[in-house]
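2 protein chains.
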Amino acid sequence: MILDKINNSKDLKNLTVDEMTLLADEMRELIIKKVNAIGGHMGPNLGIVETTIAMHYVFDMPVDKVVFDVSHQCYPHKILTGRKDGFTNPENYFKYTGYTAPEESEYDLFKIGHTSTSVSLATGVAKARDLKGENYNVIALIGDGSLSGGEALEGLDNAAVLNSNIIIVVNDNEMSIAENHGGIYDNLKLLRETKGQAECNFFKSLGFDYLYVEEGNNIQEMISAFEKVKGTKKPIVVHIHTLKGKGLEPAEENKESFHYILAGTLDEKPETASAPAVETYTSLTREFIRNKIKSDKRAIVVNAGTPGVFGFDKEYREDLGSQYTDVGIAEEHAVAYSSALAKSGAKPIFTVMSSFIQRTYDQLSQDLGLNNSPLTILVYWGGISGADATHLCTFDIPMVSNIPNLVYMSPTNKEEYLAMLEYAYNQNERPVAIRVPMTELVSTGIPDTTDYSQINKYKVVTQGEKVAILGLGNFFSLAGEVKEYLRSELGIDATLINPVYTTGIDVELLENLKQNHELVITLEDGVLDGGFGEKISRFYGNSDMKTLNYGAKKEFTDRVPLQELYERYHLTKELILKDVKETLKEKVCG
Amino acid sequence: MILDKINNSKDLKNLTVDEMTLLADEMRELIIKKVNAIGGHMGPNLGIVETTIAMHYVFDMPVDKVVFDVSHQCYPHKILTGRKDGFTNPENYFKYTGYTAPEESEYDLFKIGHTSTSVSLATGVAKARDLKGENYNVIALIGDGSLSGGEALEGLDNAAVLNSNIIIVVNDNEMSIAENHGGIYDNLKLLRETKGQAECNFFKSLGFDYLYVEEGNNIQEMISAFEKVKGTKKPIVVHIHTLKGKGLEPAEENKESFHYILAGTLDEKPETASAPAVETYTSLTREFIRNKIKSDKRAIVVNAGTPGVFGFDKEYREDLGSQYTDVGIAEEHAVAYSSALAKSGAKPIFTVMSSFIQRTYDQLSQDLGLNNSPLTILVYWGGISGADATHLCTFDIPMVSNIPNLVYMSPTNKEEYLAMLEYAYNQNERPVAIRVPMTELVSTGIPDTTDYSQINKYKVVTQGEKVAILGLGNFFSLAGEVKEYLRSELGIDATLINPVYTTGIDVELLENLKQNHELVITLEDGVLDGGFGEKISRFYGNSDMKTLNYGAKKEFTDRVPLQELYERYHLTKELILKDVKETLKEKVCG
């Protein structure tokens, strides 16, 4: 194998183009095998193999530097930079992250997983180089799908006036995760069709020099292109046309499903990658939305470039027609756009993944909260997980809950969720976000008739005494376990409460608890700092009521097994019991 | 006066162009008089008078709808929409806000004050119109300076594919608040120079139809332009060239100082609008930065289009040369760019206003925090104020403090501030934000030798007993007053603590307080929800220690006098004493 000779990017220099072409096949085989074995980003990595080889062949890495956008296309880069053992040996499949990671290699500059950051970061790297009087190439490698993000557009506008060396490689595979949306994509199409010759050129309009490469999967073509721009003294965009999923037939044909695949996908029928068979909170949401769209012409669902997260497959999206807007990767616009839709009498539902709602703080505050638009926001995947540090979903509660006017609700079962969806959709008073449960679907079988317009009214599920347990959303079931455990272990008949709202305090209920309770326990599936529990502790601060807040520590965890995190954060009934014992023992009064 | 005949936009329809030209002069006079009397945005409003008149003449407001960007150019619009009494009668000068406000008039769609939002909002308004099968014009009026914001660029990319009526009026006065920065401005220049004929057109590259108007301050020209585009079925950009500050000589000559002026500026020499005479925290910062720039080629200061906030006047900026970057209104890019600068061995200092750091949550988390880049961030104007709802600076503590790896410090005097600046600048471990004090400058005269690398180590200023007062940043002096008041009124010798860090807990110190304290009081100059005090209350939740947290309520206040807010939030020594008495009385134990 050619790969045997390659331990880092310098070893490429001795290869012929034919050898590098063989190397590309070898790398592709490794990527397909590994990704199918453990899951991961298939399409993006298969499409960028030749470009990565050519880049490492032409440039002098790690002196020359590359910043990957999202970095879900960095597998070939990792293979060529001393980490091939993570691909050749199945025992090492989990040794390296699926994203660039400076702690793994000097060839990786940043820890990245959110989109549209590469151009800004590369501009900073280049400016630092200039300040220090150094001299090397700085490359940003960004996919066409990421171009629509505000951070990328701000970055391009500024990179263009850097007035020194920066090379923006735009990897145009004609796809975002799903299809692209936005005017810029018509321009990319025009540029592809004219082989880069069209006068109306988005990149040139910003002031970039521009080079088009039709065959981005041809190593010789890419080598020639990179040799042309190496050492440039001016900002230049190299617009390359590549094939997403190249070399794997189902991935080439079904680009969206093969953007990211679960382990074993190739061993089954690709179709199974789509809609779930059993009823889940996702399928409930899909049905709710579809029914609203069909029965109410004012209804519209908005998302920002990640329809797969919500189970919005192609057929489903086409069925929604003009009442579906994918704004592309543009979360800020998505919130402002949805706020205006709501303010103008439409009935928008904005669906977003917890990790990505982080991109909209000011829009949630100014465009939405300040204007009090009756928008429904559905937040997916919120909760502690074993995810990469780049995709944690533990910060949405602190981020959303401390913005005025926003109401953030956490359902605990199917009937509650459906009732909250109806409330959020039908009301006209305020923005309402709902944290879609991350748990298995729980059904009481009894329709929920709660009046959710009574904001911050908590639900007492079972009235007890001495200890009250507030189990928010995903952790309501844990609260129930703790209640039972306190009974069996301490003979305490605890009060079980479903607080429903993360954004506020039920003053009357909390006051009443003082009468026959000594301790209030809060459980939330997110970081504690700035979250729900702290609001409860503040409320009881001037009283004799004791409080114990449970949730995640304020930290970036990176692929730590969930159970290990639960132990670390005392999110088990045994560890909570231990704390309760100590707290009640310590308690002098009552 | 022509204006006497104008009570709302419909009354314009009967005027001749000559009458409207006279009207423009009358309106200009009113604006100059009012803004000089109470302060406000002078340049932007003077430049947009003719455009506003023509818009209200041609379109059928309020059926046709306009969304202003930032809306600091809405005074002429207010005069023409039933609110002229707020300009003609000095007694009503404070009757209406300086921004669009739906509660004031049906002609105002949104409450707006942050930039770059109009295109996204207008796109939502237009889409709602289409969903409901209605038919009217939707206009977004955005200044050239706001175009560089990610939200605006995301909005343009999406507005371009709306496939129905939307009119984007780009008000090009060749200025942001200061001069423009970014590649897009070279294209605007090219378009002006070619009277809109250049093939390389940023807006066309996104797919917009495009119309250029050279004389944006000529009513007839603007009427003709608007009549051309009225009823368009396709997204179109109307690029108009106007003169910022038109009609007021000093404002035309000194566009930056006259973007926003303080009351009475015209009665003095305009120069006085710039650098302060006495020493302030702002002047200290200017000097600190200048010294670093002069002594360290790695040093660089970054800001996002608001240099005036930091006292970076033209001369100062030119003096910094290539070690100064104004990215334009592009806060997301500013953080990622600065993070990369820091990661690459430069010494960046990012200066930002509290209200605008809200635009960077995900960049603070992902580009900066996750990568732990040693960036220094200086946050200005943080604290409770009587500002417009759109420019509140009370949310930075909750927003910044709950992101991992970030350290957020609050100095209480000159010497501390300088020592923190040195620490933040020289260390290489982590991102450090400093909240520049909003108080009068306080100097101890004694150099501060604290080792600030001991993160979360609070300072015990005076050791007492029973009650401990944690006075954060701006409120440290109030904490001192409360301490004295508790002594004189209750004979309590309270412990006074300067917590320094908003981002964490000094476990050892807080533990020790348990020995001879019953109550811990926290004071912070920002919203309580998700802030500093709640972290203290959570810490003491399972103990007998009582806590009282003081700060702002989670709400959008709108030009409420500061003293009234202090009363509302119990931020006076008298009200705090009252709470302390009740709390200590309630306390059964100890």
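Chains as they are written, first to last, in the numbering used here: chain R, 42 to 631; chain Y, 42 to 631.
Glycine included, C-beta positions come from ideal geometry on N, C-alpha and C.
What's the C-alpha gap between residue i and residue j?
i, j, result
"R/D105", "Y/H222", "27 Å"
"R/P311", "R/L519", "For R/P311, the predicted model reports a pLDDT of 49, less than 50, meaning its position is unreliable and no value from the coordinates is stated."
"Y/A266", "R/V342", "35 Å"
"Y/L612", "Y/G574", "14 Å"
"Y/L527", "Y/K587", "16 Å"
"Y/S396", "R/T306", "47 Å"
"R/Y378", "R/T485", "36 Å"
"R/L409", "R/V319", "35 Å"
"R/T347", "R/V393", "8 Å"
"Y/T313", "R/Y610", "Because Y/T313 sits at a pLDDT of 48, beneath the cut-off of 50, its placement in the model cannot be relied upon, and the following sentence gives the value as read from the coordinates. Those two C-alpha atoms are separated by around 56 Å."
"Y/C241", "R/F243", "8 Å"
"R/H155", "R/G286", "21 Å"
What residues of chain R sit near residue i, judged by a beta carbon separation below 7 Å?
i, result
"Y/M440", "Y402"
"Y/L225", "With the sequence shown as reference, residue 225 of chain Y is identified as Ile, and Leu is not the correct amino acid for it. Chain R residues near Y/I225: D198 and L247."
"Y/H374", "S161, E192, E195, G196 and N199"
Give me the residue from the options with the minimum Cα distance to residue i.
i, options, result
"R/L63", "R/T401, R/M42 and R/I79", "R/M42"
"Y/V448", "Y/G369, Y/A593, Y/K595 and Y/Y464", "Y/Y464"
"R/K455", "R/N469, R/P488 and R/V508", "R/P488"
"Y/Q404", "Y/T138, Y/D367 and Y/P445", "Y/P445"
"Y/I269", "Y/L252, Y/V179, Y/H280 and Y/N259", "Before going on, a small fix: residue 269 of chain Y reads as Lys here, not Ile. Measuring from the Cα of Y/K269, the nearest candidate turns out to be Y/L252."
"R/K46", "R/T122, R/V76 and R/Y116", "R/T122"
"Y/D198", "Y/I418, Y/D360 and Y/G248", "Y/G248"
"Y/L603", "Y/C434, Y/L462 and Y/N553", "Y/C434"
"R/E615", "R/L551, R/S529, R/K555 and R/K594", "R/S529"
"R/R170", "Y/P389, Y/H300 and Y/T401", "Y/P389"
"R/S217", "R/V111, R/M263 and R/E506", "R/V111"
"R/E372", "R/E147, R/K384 and R/T401", "R/T401"
"R/I208", "R/Q399, R/G505, R/L182 and R/K51", "R/L182"
Name the chain R residues whose beta carbon is nearer than 8 Å to that of residue i?
i, result
"Y/H222", "N199 and V202"
"Y/E575", "G571, E575, K576, S578 and R579"
"Y/T392", "Under the 8 Å cutoff, chain R gives no residues; its nearest Cβ is about 16 Å from Y/T392."
Tell me where the beta strand (DSSP E) around residue i begins and ends.
i, result
"R/M450", "V448 to M450"
"R/I444", "R/I444 -> no beta strand (DSSP E), and no H or E assigned at all."
"Y/L419", "T417 to Y421"
"R/L589", "K587 to A593"
Secondary structure at residue i, three-state DSSP: helix, strand or coil?
i, result
"Y/A340", "strand"
"Y/L660", "This structure cannot settle anything about residue 660 of chain Y, because the visible part of chain Y is limited to 42 through 631."
"R/E70", "helix"
"Y/A345", "coil"
"Y/F100", "coil"
"Y/F329", "helix"
"Y/M461", "helix"
"R/P117", "helix"
"R/D52", "helix"
"R/H282", "strand"
"R/G424", "strand"
Got a sec, what are the start and stop residues for the alpha helix (DSSP H) residue i sits in?
i, result
"Y/N557", "V548 to N557"
"R/R170", "S159 to L172"
"Y/G88", "G84 to G88"
"R/K388", "No alpha helix (DSSP H) contains R/K388, which is instead part of the beta strand (DSSP E) from K388 to M394."
Would you mind telling me which residues of chain B sit closer than 9 Å to residue i, beta carbon to beta carbon, in chain order?
i, result
"Y/Y466", "Among the chains of the structure shown, chain B does not appear; the protein chains present are R and Y."
For residue i, which residues in chain Y fall below 7 Å Cβ to Cβ?
i, result
"R/P445", "K595, E596 and F597"
"R/A474", "Here the premise fails: no neighbours, minimum Cβ distance about 15 Å."
"R/D408", "T158 and L162"
"R/Q504", "Here the premise fails: no neighbours, minimum Cβ distance about 22 Å."
If the cut is a Cβ gap below 9 Å, which residues of chain Y does residue i touch?
i, result
"R/V568", "N443 and P445"
Any heavy atom of the ligand FMN closer than 7 Å to the Cβ of residue i?
i, result
"Y/N553", "The model depicted lacks the ligand FMN and carries no ligand whatsoever."
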